[in-house]
Amino acid sequence: MAGKGAAEEEVYVASIDQGTTSTRFIIYNSHAKPVASHQLEFKQHYPEAGWVEHDPMEIMESVKTCMAKAHEKAKADGHNVDAGLKAIGITNQRETTVMWSKSTGLPLYNAIVWMDARTSPICRRLESELSGGRTHFVETCGLPISTYFSALKVLWLIENVDAVKNAVRAGDALFGTIDTWLIWNLTGGIGGTDRDGKQVFGKHVTDCSNASRTMLMNLKALDWDKPTLQTLGIPAEILPKIVSNSEKIGMVANGFPLAGVPISGCLGDQHAAMLGQLCQKGEAKSTYGTGAFILLNTGEEVTQSSHGLLSTIAYKLGPSEATNYALEGSIAIAGAAVQWLRDSLGIISTAAEIEKLAETVQDSGGIYFVPAFNGLFAPWWRDDARGICIGITRFTNKGHIARAVLESMCFQVNDVLSSMHKDAGEAGEVKSAEGEFLLRVDGGATVNNLLMQIQADLLGSPVVRPADIETTALGAAYAAGLAAGIWTKEQVFAGLHKENTTVFRPQLDETHRKKRADSWFKAVSRSFDLADLSL
(Lines of atoms letter the chains of each structure in order from A; the text may use other names.)
(Lines give C-alpha, C1' and ligand atoms only; values in the text may rest on other atoms or scores of the structure.)
Protein backbone atom coordinates (compact mmCIF):
# COMPACT_ATOMS: atom_id res chain seq x y z
CA MET A 1 0.00 0.00 0.00
CA ALA A 2 2.92 2.32 -0.72
CA GLY A 3 1.83 5.89 -1.23
CA LYS A 4 3.04 8.70 -3.43
CA GLY A 5 6.78 9.04 -3.66
CA ALA A 6 7.33 6.21 -1.17
CA ALA A 7 10.11 4.84 -3.37
CA GLU A 8 12.11 8.10 -3.23
CA GLU A 9 11.91 8.71 0.51
CA GLU A 10 11.07 6.94 3.71
CA VAL A 11 7.52 7.81 4.79
CA TYR A 12 6.09 7.07 8.24
CA VAL A 13 2.82 7.55 10.08
CA ALA A 14 2.41 7.07 13.84
CA SER A 15 -0.41 6.39 16.30
CA ILE A 16 -0.99 7.31 19.90
CA ASP A 17 -3.17 4.53 21.31
CA GLN A 18 -4.32 5.66 24.75
CA GLY A 19 -6.25 2.76 26.31
CA THR A 20 -7.92 2.04 29.64
CA THR A 21 -4.94 0.30 31.24
CA SER A 22 -2.01 1.25 29.00
CA THR A 23 -0.69 3.78 26.50
CA ARG A 24 1.26 2.91 23.39
CA PHE A 25 2.90 4.69 20.47
CA ILE A 26 3.38 2.79 17.20
CA ILE A 27 5.29 3.98 14.13
CA TYR A 28 4.24 2.51 10.75
CA ASN A 29 5.98 2.54 7.37
CA SER A 30 4.30 3.44 4.06
CA HIS A 31 2.97 -0.14 3.77
CA ALA A 32 1.17 0.31 7.13
CA LYS A 33 3.51 -2.21 8.78
CA PRO A 34 4.73 -1.37 12.32
CA VAL A 35 8.46 -0.60 12.57
CA ALA A 36 8.71 0.49 16.24
CA SER A 37 6.49 0.78 19.29
CA HIS A 38 6.53 1.38 23.03
CA GLN A 39 3.87 0.59 25.62
CA LEU A 40 3.38 1.60 29.27
CA GLU A 41 0.77 0.52 31.82
CA PHE A 42 -0.49 3.18 34.23
CA LYS A 43 -2.21 3.21 37.61
CA GLN A 44 -5.92 2.47 38.06
CA HIS A 45 -7.50 4.27 41.04
CA TYR A 46 -10.48 2.71 42.85
CA PRO A 47 -11.45 5.24 45.57
CA GLU A 48 -14.75 3.45 46.36
CA ALA A 49 -16.62 0.34 45.23
CA GLY A 50 -17.75 0.87 41.62
CA TRP A 51 -15.57 3.99 41.17
CA VAL A 52 -12.68 3.99 38.67
CA GLU A 53 -10.36 6.96 38.06
CA HIS A 54 -7.17 7.82 36.16
CA ASP A 55 -4.70 10.65 36.76
CA PRO A 56 -4.81 12.79 33.56
CA MET A 57 -1.26 14.06 34.20
CA GLU A 58 0.06 10.49 34.43
CA ILE A 59 -1.71 9.67 31.16
CA MET A 60 -0.10 12.69 29.48
CA GLU A 61 3.33 11.67 30.79
CA SER A 62 2.83 8.10 29.55
CA VAL A 63 2.07 9.45 26.06
CA LYS A 64 5.22 11.60 26.12
CA THR A 65 7.38 8.66 27.24
CA CYS A 66 5.94 6.25 24.67
CA MET A 67 6.50 8.79 21.87
CA ALA A 68 10.14 9.33 22.91
CA LYS A 69 10.93 5.62 23.39
CA ALA A 70 9.32 4.43 20.13
CA HIS A 71 11.16 7.25 18.31
CA GLU A 72 14.49 6.08 19.84
CA LYS A 73 13.81 2.44 18.86
CA ALA A 74 12.93 3.39 15.27
CA LYS A 75 16.11 5.49 14.94
CA ALA A 76 18.23 2.69 16.44
CA ASP A 77 16.87 0.37 13.74
CA GLY A 78 17.91 2.79 11.00
CA HIS A 79 14.54 4.41 10.25
CA ASN A 80 14.78 8.11 9.41
CA VAL A 81 11.65 9.06 11.37
CA ASP A 82 12.77 12.67 11.92
CA ALA A 83 12.58 13.41 8.22
CA GLY A 84 9.95 10.84 7.24
CA LEU A 85 7.18 11.08 9.87
CA LYS A 86 4.32 12.86 8.10
CA ALA A 87 1.36 12.48 10.46
CA ILE A 88 0.21 11.26 13.87
CA GLY A 89 -3.21 9.73 14.57
CA ILE A 90 -4.80 9.51 18.00
CA THR A 91 -7.11 6.80 19.29
CA ASN A 92 -8.35 6.55 22.86
CA GLN A 93 -10.53 4.96 25.51
CA ARG A 94 -13.91 6.63 25.00
CA GLU A 95 -16.33 8.34 27.43
CA THR A 96 -13.64 8.80 30.13
CA THR A 97 -14.14 12.37 31.31
CA VAL A 98 -11.59 15.07 32.14
CA MET A 99 -12.32 18.60 33.41
CA TRP A 100 -9.40 21.00 33.57
CA SER A 101 -8.58 24.67 34.08
CA LYS A 102 -8.13 26.80 30.97
CA SER A 103 -5.77 29.13 32.86
CA THR A 104 -3.51 26.65 34.72
CA GLY A 105 -3.84 23.67 32.38
CA LEU A 106 -4.23 21.40 35.42
CA PRO A 107 -7.01 18.83 35.92
CA LEU A 108 -9.72 19.92 38.38
CA TYR A 109 -10.29 16.27 39.39
CA ASN A 110 -9.10 12.83 38.31
CA ALA A 111 -10.49 11.50 35.03
CA ILE A 112 -13.69 9.50 35.65
CA VAL A 113 -13.33 6.30 33.63
CA TRP A 114 -15.99 4.96 31.25
CA MET A 115 -16.78 1.92 33.43
CA ASP A 116 -17.20 3.99 36.63
CA ALA A 117 -20.68 3.54 38.13
CA ARG A 118 -20.89 6.48 40.59
CA THR A 119 -23.47 8.29 38.45
CA SER A 120 -26.21 5.67 39.10
CA PRO A 121 -28.23 8.05 41.34
CA ILE A 122 -28.06 10.79 38.65
CA CYS A 123 -29.28 8.28 36.05
CA ARG A 124 -32.23 7.25 38.27
CA ARG A 125 -33.09 10.91 38.91
CA LEU A 126 -33.08 11.81 35.18
CA GLU A 127 -35.08 8.70 34.27
CA SER A 128 -37.81 9.69 36.71
CA GLU A 129 -37.77 13.42 35.81
CA LEU A 130 -37.68 13.18 32.00
CA SER A 131 -40.73 12.30 29.93
CA GLY A 132 -38.84 9.73 27.84
CA GLY A 133 -37.30 7.97 30.86
CA ARG A 134 -34.13 5.98 30.11
CA THR A 135 -34.48 6.48 26.35
CA HIS A 136 -35.24 10.23 26.52
CA PHE A 137 -32.23 11.25 24.35
CA VAL A 138 -32.01 8.15 22.10
CA GLU A 139 -33.68 9.89 19.16
CA THR A 140 -30.98 12.58 18.97
CA CYS A 141 -27.82 10.90 20.29
CA GLY A 142 -28.50 7.16 19.88
CA LEU A 143 -27.72 6.42 23.55
CA PRO A 144 -29.78 5.51 26.63
CA ILE A 145 -29.24 7.28 29.96
CA SER A 146 -26.43 5.22 31.53
CA THR A 147 -23.44 5.58 33.86
CA TYR A 148 -21.33 4.76 30.77
CA PHE A 149 -21.57 8.12 29.00
CA SER A 150 -19.64 11.35 29.58
CA ALA A 151 -22.59 13.73 30.13
CA LEU A 152 -23.53 11.99 33.39
CA LYS A 153 -19.92 12.17 34.59
CA VAL A 154 -19.83 15.91 33.81
CA LEU A 155 -23.02 16.40 35.85
CA TRP A 156 -21.51 14.48 38.78
CA LEU A 157 -18.36 16.64 38.67
CA ILE A 158 -20.33 19.89 38.52
CA GLU A 159 -22.60 18.78 41.38
CA ASN A 160 -19.97 17.21 43.65
CA VAL A 161 -16.57 18.86 43.08
CA ASP A 162 -16.24 22.50 44.21
CA ALA A 163 -13.19 23.14 42.00
CA VAL A 164 -15.21 22.10 38.93
CA LYS A 165 -18.34 24.01 39.98
CA ASN A 166 -16.32 27.21 40.56
CA ALA A 167 -14.31 26.89 37.34
CA VAL A 168 -17.50 26.39 35.31
CA ARG A 169 -19.03 29.45 36.95
CA ALA A 170 -15.88 31.52 36.31
CA GLY A 171 -15.64 30.42 32.66
CA ASP A 172 -12.31 28.69 33.36
CA ALA A 173 -13.40 25.06 32.87
CA LEU A 174 -12.75 22.91 29.82
CA PHE A 175 -14.33 19.50 29.29
CA GLY A 176 -12.90 16.76 27.16
CA THR A 177 -12.74 13.04 26.63
CA ILE A 178 -9.15 11.70 26.61
CA ASP A 179 -8.57 12.61 22.93
CA THR A 180 -9.40 16.25 23.69
CA TRP A 181 -7.11 16.34 26.74
CA LEU A 182 -4.22 14.88 24.71
CA ILE A 183 -4.71 17.17 21.69
CA TRP A 184 -5.04 20.29 23.87
CA ASN A 185 -1.75 19.49 25.62
CA LEU A 186 0.13 18.29 22.53
CA THR A 187 -0.77 21.40 20.52
CA GLY A 188 0.38 23.93 23.15
CA GLY A 189 -1.88 23.78 26.23
CA ILE A 190 -1.92 27.08 28.16
CA GLY A 191 0.71 28.46 25.79
CA GLY A 192 3.74 27.04 24.05
CA THR A 193 5.79 27.52 20.90
CA ASP A 194 5.82 25.76 17.57
CA ARG A 195 8.91 24.57 15.71
CA ASP A 196 9.54 28.13 14.41
CA GLY A 197 9.30 29.64 17.90
CA LYS A 198 5.86 31.24 17.33
CA GLN A 199 3.45 31.19 20.28
CA VAL A 200 0.69 28.58 20.08
CA PHE A 201 -2.20 27.61 22.35
CA GLY A 202 -3.82 24.22 22.79
CA LYS A 203 -6.59 23.35 20.35
CA HIS A 204 -9.80 22.41 22.19
CA VAL A 205 -11.27 19.84 19.78
CA THR A 206 -12.76 16.37 19.70
CA ASP A 207 -13.74 14.14 16.80
CA CYS A 208 -17.26 13.05 15.87
CA SER A 209 -16.76 9.43 17.06
CA ASN A 210 -15.66 10.46 20.57
CA ALA A 211 -18.35 13.17 20.66
CA SER A 212 -20.97 10.56 19.76
CA ARG A 213 -20.26 8.85 23.12
CA THR A 214 -20.95 11.85 25.36
CA MET A 215 -24.79 11.75 25.00
CA LEU A 216 -24.56 15.41 23.96
CA MET A 217 -24.01 15.19 20.17
CA ASN A 218 -26.79 15.12 17.59
CA LEU A 219 -25.91 12.02 15.53
CA LYS A 220 -27.26 13.41 12.27
CA ALA A 221 -26.02 17.01 12.58
CA LEU A 222 -22.63 15.97 14.11
CA ASP A 223 -22.86 18.97 16.43
CA TRP A 224 -23.68 19.52 20.10
CA ASP A 225 -27.44 19.24 20.64
CA LYS A 226 -28.68 22.48 22.19
CA PRO A 227 -31.95 21.10 23.67
CA THR A 228 -29.97 18.28 25.37
CA LEU A 229 -27.48 20.78 26.83
CA GLN A 230 -30.38 22.91 28.11
CA THR A 231 -32.20 19.93 29.62
CA LEU A 232 -29.08 18.74 31.45
CA GLY A 233 -27.80 22.22 32.35
CA ILE A 234 -24.38 21.70 30.74
CA PRO A 235 -22.90 24.98 29.40
CA ALA A 236 -21.84 24.88 25.71
CA GLU A 237 -18.74 26.99 26.50
CA ILE A 238 -16.95 24.07 28.19
CA LEU A 239 -17.32 21.81 25.13
CA PRO A 240 -14.68 21.27 22.41
CA LYS A 241 -15.19 21.85 18.68
CA ILE A 242 -16.20 18.67 16.78
CA VAL A 243 -14.10 17.67 13.73
CA SER A 244 -14.05 14.65 11.38
CA ASN A 245 -11.85 11.57 11.94
CA SER A 246 -9.37 12.45 9.22
CA GLU A 247 -8.19 16.06 8.91
CA LYS A 248 -5.25 18.18 10.05
CA ILE A 249 -6.03 19.25 13.63
CA GLY A 250 -2.78 20.94 14.70
CA MET A 251 0.97 20.45 15.09
CA VAL A 252 2.81 18.88 18.02
CA ALA A 253 4.27 21.83 19.99
CA ASN A 254 7.82 22.20 21.30
CA GLY A 255 8.51 20.35 24.54
CA PHE A 256 7.14 17.11 23.13
CA PRO A 257 8.98 14.47 21.13
CA LEU A 258 8.35 14.82 17.35
CA ALA A 259 7.50 18.54 17.57
CA GLY A 260 6.20 19.96 14.31
CA VAL A 261 4.50 16.76 13.12
CA PRO A 262 0.80 17.28 12.34
CA ILE A 263 -1.90 15.45 14.29
CA SER A 264 -4.22 14.56 11.43
CA GLY A 265 -6.44 11.71 12.58
CA CYS A 266 -8.54 11.06 15.67
CA LEU A 267 -11.04 8.29 16.50
CA GLY A 268 -12.38 6.63 19.63
CA ASP A 269 -10.76 3.21 20.05
CA GLN A 270 -13.69 1.12 18.78
CA HIS A 271 -14.17 3.29 15.70
CA ALA A 272 -10.44 3.11 14.98
CA ALA A 273 -10.59 -0.70 15.24
CA MET A 274 -13.47 -0.68 12.79
CA LEU A 275 -11.36 1.27 10.29
CA GLY A 276 -8.31 -0.89 11.07
CA GLN A 277 -10.44 -3.97 10.27
CA LEU A 278 -11.63 -2.20 7.07
CA CYS A 279 -15.28 -2.79 8.05
CA GLN A 280 -17.55 -1.41 5.36
CA LYS A 281 -21.35 -1.47 5.28
CA GLY A 282 -22.76 -4.76 6.63
CA GLU A 283 -19.47 -5.89 8.20
CA ALA A 284 -18.91 -6.39 11.95
CA LYS A 285 -15.92 -6.53 14.26
CA SER A 286 -15.43 -7.45 17.93
CA THR A 287 -12.55 -5.98 19.93
CA TYR A 288 -11.50 -7.84 23.07
CA GLY A 289 -9.73 -5.51 25.48
CA THR A 290 -10.57 -4.42 29.03
CA GLY A 291 -14.17 -4.60 27.81
CA ALA A 292 -15.45 -6.05 24.54
CA PHE A 293 -17.02 -3.94 21.82
CA ILE A 294 -18.92 -5.21 18.81
CA LEU A 295 -19.74 -2.81 15.97
CA LEU A 296 -21.67 -3.38 12.75
CA ASN A 297 -21.24 -0.76 10.02
CA THR A 298 -24.78 0.25 8.92
CA GLY A 299 -23.66 2.59 6.11
CA GLU A 300 -24.83 6.18 5.75
CA GLU A 301 -28.09 5.72 7.67
CA VAL A 302 -28.56 5.86 11.46
CA THR A 303 -30.14 2.55 12.53
CA GLN A 304 -32.09 2.75 15.80
CA SER A 305 -31.97 -0.41 17.93
CA SER A 306 -34.97 -1.98 19.59
CA HIS A 307 -32.80 -4.69 21.20
CA GLY A 308 -30.54 -2.80 23.61
CA LEU A 309 -27.79 -1.68 21.22
CA LEU A 310 -26.41 1.82 20.68
CA SER A 311 -26.55 3.87 17.49
CA THR A 312 -23.19 5.49 16.94
CA ILE A 313 -20.71 6.80 14.37
CA ALA A 314 -18.54 4.28 12.50
CA TYR A 315 -16.22 6.89 10.94
CA LYS A 316 -16.16 10.04 8.82
CA LEU A 317 -12.93 10.12 6.81
CA GLY A 318 -12.70 13.85 6.08
CA PRO A 319 -14.70 17.07 6.61
CA SER A 320 -16.64 16.63 3.34
CA GLU A 321 -16.74 12.82 3.31
CA ALA A 322 -19.96 10.89 4.02
CA THR A 323 -20.54 9.72 7.59
CA ASN A 324 -20.74 5.96 8.16
CA TYR A 325 -22.87 4.91 11.14
CA ALA A 326 -22.82 1.76 13.24
CA LEU A 327 -24.79 -0.32 15.71
CA GLU A 328 -22.70 -1.05 18.79
CA GLY A 329 -22.92 -3.45 21.67
CA SER A 330 -20.60 -2.51 24.54
CA ILE A 331 -19.53 -5.05 27.17
CA ALA A 332 -17.97 -3.54 30.29
CA ILE A 333 -15.92 -6.49 31.50
CA ALA A 334 -14.01 -8.86 29.18
CA GLY A 335 -10.21 -8.90 29.61
CA ALA A 336 -10.72 -7.07 32.92
CA ALA A 337 -12.10 -10.35 34.36
CA VAL A 338 -8.79 -12.06 33.49
CA GLN A 339 -6.92 -9.21 35.24
CA TRP A 340 -9.19 -9.76 38.24
CA LEU A 341 -8.24 -13.48 38.34
CA ARG A 342 -4.59 -12.39 38.22
CA ASP A 343 -4.51 -9.33 40.51
CA SER A 344 -7.35 -9.90 42.99
CA LEU A 345 -7.57 -13.70 43.28
CA GLY A 346 -4.00 -14.71 42.34
CA ILE A 347 -5.31 -17.77 40.41
CA ILE A 348 -2.90 -16.89 37.57
CA SER A 349 0.25 -14.78 37.66
CA THR A 350 0.12 -13.49 34.06
CA ALA A 351 -2.90 -12.94 31.81
CA ALA A 352 -1.39 -15.31 29.23
CA GLU A 353 -1.56 -18.23 31.72
CA ILE A 354 -5.36 -18.40 31.57
CA GLU A 355 -5.33 -20.33 28.29
CA LYS A 356 -3.17 -23.16 29.73
CA LEU A 357 -5.21 -23.28 32.94
CA ALA A 358 -8.52 -23.40 31.05
CA GLU A 359 -7.16 -26.21 28.84
CA THR A 360 -6.61 -28.45 31.90
CA VAL A 361 -10.37 -29.19 31.81
CA GLN A 362 -12.63 -30.40 28.98
CA ASP A 363 -15.37 -27.89 29.72
CA SER A 364 -16.42 -25.49 32.49
CA GLY A 365 -18.02 -28.30 34.53
CA GLY A 366 -21.41 -26.57 34.72
CA ILE A 367 -19.88 -23.32 36.02
CA TYR A 368 -21.24 -20.01 34.68
CA PHE A 369 -19.47 -16.76 35.54
CA VAL A 370 -21.21 -13.41 34.92
CA PRO A 371 -18.66 -10.56 35.25
CA ALA A 372 -21.15 -7.83 36.18
CA PHE A 373 -18.56 -6.07 38.39
CA ASN A 374 -20.11 -2.62 37.81
CA GLY A 375 -23.43 -3.71 36.32
CA LEU A 376 -24.11 -5.01 32.80
CA PHE A 377 -24.01 -2.98 29.59
CA ALA A 378 -25.49 -4.17 26.25
CA PRO A 379 -27.96 -5.59 25.65
CA TRP A 380 -29.18 -5.68 29.28
CA TRP A 381 -28.34 -2.18 30.63
CA ARG A 382 -28.65 -3.23 34.27
CA ASP A 383 -26.49 -1.17 36.61
CA ASP A 384 -28.05 -3.11 39.54
CA ALA A 385 -26.35 -6.34 38.38
CA ARG A 386 -23.27 -7.66 40.19
CA GLY A 387 -20.78 -10.43 39.41
CA ILE A 388 -21.78 -14.03 40.14
CA CYS A 389 -20.30 -17.50 39.72
CA ILE A 390 -22.93 -20.27 39.80
CA GLY A 391 -23.03 -24.05 39.44
CA ILE A 392 -20.19 -24.65 41.94
CA THR A 393 -19.80 -28.18 43.34
CA ARG A 394 -16.96 -30.05 45.13
CA PHE A 395 -15.88 -31.13 41.64
CA THR A 396 -15.14 -27.49 40.67
CA ASN A 397 -11.48 -26.50 40.37
CA LYS A 398 -9.63 -23.38 39.22
CA GLY A 399 -9.45 -24.73 35.65
CA HIS A 400 -13.26 -24.70 35.49
CA ILE A 401 -13.36 -21.14 36.82
CA ALA A 402 -10.71 -19.99 34.31
CA ARG A 403 -12.67 -21.58 31.47
CA ALA A 404 -15.95 -20.04 32.70
CA VAL A 405 -14.26 -16.61 32.69
CA LEU A 406 -13.22 -17.07 29.04
CA GLU A 407 -16.70 -18.33 28.16
CA SER A 408 -18.27 -15.30 29.84
CA MET A 409 -16.57 -13.03 27.28
CA CYS A 410 -17.89 -15.13 24.40
CA PHE A 411 -21.43 -15.45 25.77
CA GLN A 412 -21.60 -11.68 26.19
CA VAL A 413 -20.43 -11.15 22.59
CA ASN A 414 -23.13 -13.63 21.46
CA ASP A 415 -25.83 -11.69 23.30
CA VAL A 416 -24.82 -8.55 21.41
CA LEU A 417 -24.55 -10.26 18.00
CA SER A 418 -27.96 -11.85 18.47
CA SER A 419 -29.41 -8.34 19.08
CA MET A 420 -27.56 -7.08 16.00
CA HIS A 421 -29.07 -9.81 13.82
CA LYS A 422 -32.52 -8.75 15.05
CA ASP A 423 -31.92 -5.02 14.51
CA ALA A 424 -30.08 -5.09 11.17
CA GLY A 425 -31.93 -8.11 9.78
CA GLU A 426 -30.55 -10.41 7.12
CA ALA A 427 -30.27 -7.52 4.67
CA GLY A 428 -28.02 -5.53 6.99
CA GLU A 429 -25.17 -8.05 7.09
CA VAL A 430 -22.63 -9.03 4.49
CA LYS A 431 -22.13 -12.81 4.18
CA SER A 432 -19.06 -14.67 2.89
CA ALA A 433 -19.04 -16.50 -0.46
CA GLU A 434 -20.17 -19.60 1.52
CA GLY A 435 -23.15 -17.66 2.86
CA GLU A 436 -21.71 -17.40 6.39
CA PHE A 437 -21.67 -14.38 8.67
CA LEU A 438 -18.00 -13.69 9.55
CA LEU A 439 -16.97 -12.02 12.81
CA ARG A 440 -13.70 -10.07 12.52
CA VAL A 441 -11.86 -9.98 15.85
CA ASP A 442 -8.98 -7.96 17.28
CA GLY A 443 -7.52 -6.69 20.56
CA GLY A 444 -5.01 -8.13 23.02
CA ALA A 445 -7.12 -11.09 24.22
CA THR A 446 -7.45 -12.53 20.70
CA VAL A 447 -3.95 -14.08 20.91
CA ASN A 448 -5.74 -16.69 23.06
CA ASN A 449 -6.61 -19.46 20.57
CA LEU A 450 -8.88 -21.24 23.05
CA LEU A 451 -10.91 -18.04 23.55
CA MET A 452 -11.32 -17.67 19.77
CA GLN A 453 -12.38 -21.32 19.35
CA ILE A 454 -14.91 -20.99 22.20
CA GLN A 455 -16.24 -17.84 20.51
CA ALA A 456 -16.73 -19.66 17.18
CA ASP A 457 -18.36 -22.64 18.96
CA LEU A 458 -20.82 -20.57 20.99
CA LEU A 459 -21.57 -18.26 18.04
CA GLY A 460 -21.97 -20.95 15.41
CA SER A 461 -20.15 -18.74 12.87
CA PRO A 462 -16.50 -18.44 11.77
CA VAL A 463 -14.23 -16.02 13.66
CA VAL A 464 -11.53 -14.28 11.60
CA ARG A 465 -8.36 -12.96 13.27
CA PRO A 466 -5.96 -10.71 11.30
CA ALA A 467 -2.16 -11.10 11.45
CA ASP A 468 -1.89 -7.66 13.14
CA ILE A 469 -4.35 -7.77 16.04
CA GLU A 470 -3.60 -4.18 17.09
CA THR A 471 -6.13 -2.81 14.61
CA THR A 472 -7.06 0.13 16.87
CA ALA A 473 -3.67 1.84 16.44
CA LEU A 474 -3.66 0.84 12.76
CA GLY A 475 -7.06 2.53 12.22
CA ALA A 476 -5.76 5.79 13.71
CA ALA A 477 -2.70 5.56 11.44
CA TYR A 478 -4.94 5.03 8.40
CA ALA A 479 -7.01 8.12 9.29
CA ALA A 480 -3.89 10.28 9.79
CA GLY A 481 -2.23 8.94 6.61
CA LEU A 482 -5.38 9.65 4.57
CA ALA A 483 -5.48 13.29 5.73
CA ALA A 484 -1.76 13.70 5.03
CA GLY A 485 -2.18 12.35 1.48
CA ILE A 486 0.07 9.33 2.10
CA TRP A 487 -2.65 6.89 1.08
CA THR A 488 -5.91 7.11 -0.80
CA LYS A 489 -9.17 5.68 0.51
CA GLU A 490 -9.01 3.04 -2.25
CA GLN A 491 -5.52 1.96 -1.13
CA VAL A 492 -6.61 1.72 2.51
CA PHE A 493 -9.70 -0.36 1.78
CA ALA A 494 -7.71 -2.62 -0.54
CA GLY A 495 -5.76 -3.23 2.71
CA LEU A 496 -2.56 -5.26 2.60
CA HIS A 497 -3.18 -6.71 6.05
CA LYS A 498 -6.33 -8.52 4.91
CA GLU A 499 -3.97 -11.38 4.06
CA ASN A 500 -2.65 -13.82 6.68
CA THR A 501 -5.86 -14.24 8.65
CA THR A 502 -6.55 -17.16 10.99
CA VAL A 503 -10.08 -18.57 10.79
CA PHE A 504 -11.67 -20.43 13.72
CA ARG A 505 -14.64 -22.57 12.67
CA PRO A 506 -17.41 -23.78 15.01
CA GLN A 507 -17.12 -27.40 16.18
CA LEU A 508 -20.11 -27.51 18.55
CA ASP A 509 -23.43 -28.99 17.42
CA GLU A 510 -26.55 -26.79 17.37
CA THR A 511 -28.37 -28.68 20.20
CA HIS A 512 -25.45 -28.27 22.57
CA ARG A 513 -24.98 -24.62 21.58
CA LYS A 514 -28.66 -23.85 22.31
CA LYS A 515 -28.48 -25.60 25.72
CA ARG A 516 -25.38 -23.61 26.71
CA ALA A 517 -27.04 -20.34 25.64
CA ASP A 518 -30.13 -21.13 27.76
CA SER A 519 -27.97 -21.86 30.81
CA TRP A 520 -26.06 -18.60 30.31
CA PHE A 521 -29.35 -16.69 30.10
CA LYS A 522 -30.40 -18.25 33.42
CA ALA A 523 -27.07 -17.19 34.99
CA VAL A 524 -27.40 -13.59 33.72
CA SER A 525 -30.91 -13.27 35.17
CA ARG A 526 -29.52 -14.37 38.57
CA SER A 527 -27.08 -11.41 38.55
CA PHE A 528 -29.82 -8.73 38.56
CA ASP A 529 -30.84 -6.62 41.58
CA LEU A 530 -27.74 -7.33 43.66
CA ALA A 531 -26.25 -3.82 43.93
CA ASP A 532 -27.40 -3.31 47.53
CA LEU A 533 -25.72 -6.48 48.86
CA SER A 534 -22.65 -4.48 49.87
CA LEU A 535 -24.61 -1.89 51.85
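In this text, residue positions in the sequence shown follow full-length UniProt numbering: the first is 1, and each later residue adds one.
Every residue gets a Cβ at the ideal spot worked out from N, C-alpha and C, and that includes glycine.
It should be emphasised that the depicted structure is a prediction, and the values quoted were computed from it without experimental measurement.
Taking C-alpha positions only, residue 91 is separated from residue 142 by approximately 21 angstroms. For residue 207, the enclosing beta strand (DSSP E) starts and ends at 205-207.
Spanning the alpha carbons of residue 54 and residue 111 requires a straight line of approximately 5 angstroms. Residue range 97-101 is occupied by the beta strand (DSSP E) that includes residue 101, with no alpha helix (DSSP H) assigned at that position.
Scanning 264, 164, 168, 258 for the CA closest to the CA of residue 205 turns up 264.
Only buried fits residue 448, as 16 or more other CB atoms lie within 10 angstroms of its CB. In the structure shown, residue 440 adopts extended strand secondary structure according to DSSP, grouped into three states.
Here residue 298 carries a strand assignment [DSSP, helix/strand/coil]. DSSP places residue 123 in the helix class (H, G or I) of the three-state scheme. Just measuring C-alpha positions, the residue of 502, 363, 221, 529 sitting nearest residue 508 is 363.
The beta-carbon distance between residue 290 and residue 336, rounded to whole angstroms, is 5 angstroms. This is short enough to meet the 8 angstroms contact definition. Inclusion of residue 89 and residue 480 in the CB contact set at 8 angstroms is warranted, their separation being smaller than that value.
Checking the DSSP bridge columns, you'll see residue 13 partnered with 28, 87. Measuring C-alpha to C-alpha distances from residue 452 to each of 240, 484, 413 identifies 413 as the nearest.
The C-alpha of residue 510 lies about 51 angstroms from the C-alpha of residue 71.
Cβ neighbours of residue 255 within its own chain (closer than 7 angstroms, five residues either side excluded): 192. Counted as a single uninterrupted DSSP element, the alpha helix (DSSP H) harbouring residue 353 occupies residues 353-358.
About 7 angstroms separates the CB atoms of residue 298 and residue 424; that is less than 8 angstroms, so the two are in contact. Sequence-distant partners of residue 441 (beyond 5 residues in either direction) whose C-beta falls short of 6 angstroms from its own C-beta, in its chain, are 286, 463, 465.
One alpha carbon belongs to residue 195, the other to residue 278, and they sit about 35 angstroms apart.
DSSP places residue 159 inside the alpha helix (DSSP H), whose first and last residues are 150-160. Residue 214 places its beta carbon 8 angstroms or farther from that of residue 202.
Taking all protein chains shown into account, residue 512 has fewer than 16 neighbouring C-beta atoms within 10 Å of its C-beta and is therefore exposed. Approximately 18 angstroms separates the beta-carbon atoms of residue 57 and residue 25; this is outside 8 angstroms, ruling out the contact. When C-beta atoms of the segment 243-251 are compared with those of the segment 333-349, fewer than three pairs fall below 8 angstroms, so the two segments do not count as touching. A straight line joining the alpha-carbon of residue 259 with that of residue 472 spans about 23 angstroms. Taken atom to atom, the span from the alpha-carbon of residue 147 to that of residue 136 is near 15 angstroms. Close CB contacts of residue 106 within its chain, under the 8 angstroms cut and outside five residues either way in sequence, are with 57, 100 (chain order). Runs of beta strand (DSSP E) with 3 or more residues, each lying fully within the segment 227-253, are found at 241-243, listed in chain order. Fewer than three beta-carbon pairs drawn from the segment 160-167 and the segment 23-37 are found closer than 8 angstroms, and the two stretches are therefore not classed as touching. Residue 327 is a Cβ neighbour of residue 420, given a cutoff of 8 angstroms. Straight-line spacing of the CA atoms in residue 444 and residue 470 works out to 7 angstroms. Cβ neighbours of residue 118 within its own chain (closer than 7 angstroms, five residues either side excluded): 50, 51, 156.
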